[in-house]
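Engineer:
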Amino acid sequence: MNEKPGKDEYASFYEGYIKLTPEGNVIELLEQQGQQVHKAIQSLTEEQANYRYAEGKWSIKEVFGHLIDNERIMSTRLLRIARGDTTPLPGYDQDIFMAGRPFDLYTVDHLAEEYAAVRRSTIVMLRQISPEAWLRRGIANNYPASTRSIAWVITGHELHHVSVLRDRYEVSV
Numbered sequence: 001m002n003e004k005p006g007k008d009e010y011a012s013f014y015e016g017y018i019k020l021t022p023e024g025n026v027i028e029l030l031e032q033q034g035q036q037v038h039k040a041i042q043s044l045t046e047e048q049a050n051y052r053y054a055e056g057k058w059s060i061k062e063v064f065g066h067l068i069d070n071e072r073i074m075s076t077r078l079l080r081i082a083r084g085d086t087t088p089l090p091g092y093d094q095d096i097f098m099a100g101r102p103f104d105l106y107t108v109d110h111l112a113e114e115y116a117a118v119r120r121s122t123i124v125m126l127r128q129i130s131p132e133a134w135l136r137r138g139i140a141n142n143y144p145a146s147t148r149s150i151a152w153v154i155t156g157h158e159l160h161h162v163s164v165l166r167d168r169y170e171v172s173v
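This note's numbering applies: residue 1 is where the sequence shown begins, and numbers increase by one.
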């Protein structure tokens, strides 16, 4: 899927993520991004991965954990909408997820393995979506969402956090 979604296909708070994502084939973008992020995770020592740039901020492991959780949730939404499920899909509270999933207890190796598995699963699923299904729409978190908009949001959301990792954590991604 090469065409970015229209503004009527997603909630306005996702617009920043959509804008961050460059034009091109979103599946290829996710593949390239996945390789870069996986390599960045693997390059970290345990000490580096536990770093927080300020008190109360997520550790590097937690940022990567958030990316994993978010992609799982968003890809589930994407699948349901692509398959024609019109059931309104719930939102989620990232802070509750972070409190219930202590990524600081993960090893870097486990985090890298889980990230790669989740990204691979998303890509394999996206490759099988028909042209009509990319345009299907549903409701997620009380807002309109199309299949393709969710794929672009996954990509842009990760680009946002990669930027944070570079700027605030000094992680080379």
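All C-beta atoms, glycine included, are put in the ideal place defined by N, C-alpha and C.
Sort out for me which residues DSSP pairs R120 with in a bridge.
Structural biologist: BP columns for R120 are empty, so no partner.
Engineer: Where do the ends of the alpha helix (DSSP H) carrying A145 lie?
Structural biologist: Run containing A145: none in the alpha helix (DSSP H); it sits in the beta strand (DSSP E), 143-146.
Engineer: Mind checking F103: buried by the 16 CB within 10 Å criterion, or exposed?
Structural biologist: Buried.
Engineer: Restricting to runs no shorter than 4 residues, where is the alpha helix (DSSP H) found entirely within the stretch 67-114?
Structural biologist: Runs found: 94-100.
Engineer: Would P5 and W152 qualify as a contact pair, given that the criterion is a beta-carbon distance under 7 Å?
Structural biologist: Cβ atoms of P5 and W152: closer than 7 Å.
Engineer: Should I96 be labelled buried (16 or more other beta-carbon atoms within 10 Å of its own) or exposed?
Structural biologist: It counts as exposed.
Engineer: Three-state secondary structure (DSSP) at I129?
Structural biologist: Of the three classes helix, strand and coil, the one that applies to I129 here is coil, per DSSP.
Engineer: If the criterion is Cβ atoms closer than 7 Å, does the pair V118 and I68 meet it?
Structural biologist: For V118 and I68, yes; Cβs fall inside 7 Å.
Engineer: Under the assumption that A99 contacts Y10 (Cβ atoms under 8 Å), give the Cβ distance between them as a whole number of angstroms.
Structural biologist: At roughly 27 Å, the Cβ-Cβ gap does not stay under 8 Å, so A99 and Y10 are not in contact.
Engineer: Apart from the five residues on each side of it in sequence, which residues of its chain come closer than 7 Å, Cβ to Cβ, to T155?
Structural biologist: Cβ within range, chain order: T21, V26, L29, L30, Q33.
Engineer: S130 to R83, Cα distance in whole Å?
Structural biologist: Between S130 and R83, the C-alpha separation is close to 10 Å.
Engineer: Apart from the five residues just before and just after M74, which ones in its own chain have a Cβ nearer than 6 Å to its Cβ?
Structural biologist: Here the set comprises I150, I154.
Engineer: What is the DSSP secondary structure of A140, reduced to helix, strand or coil?
Structural biologist: Correct three-state label for A140: strand.
Engineer: Alpha carbons only, please: which of S12, R52, K7, E46 is nearest the one belonging to R166?
Structural biologist: Taking only the C-alpha atoms, the option nearest R166 is R52.
Engineer: Am I right that Y169 and I60 are in contact with their C-beta atoms under 8 Å? What's the rounded C-beta distance?
Structural biologist: Right, their Cβ atoms sit about 5 Å apart.
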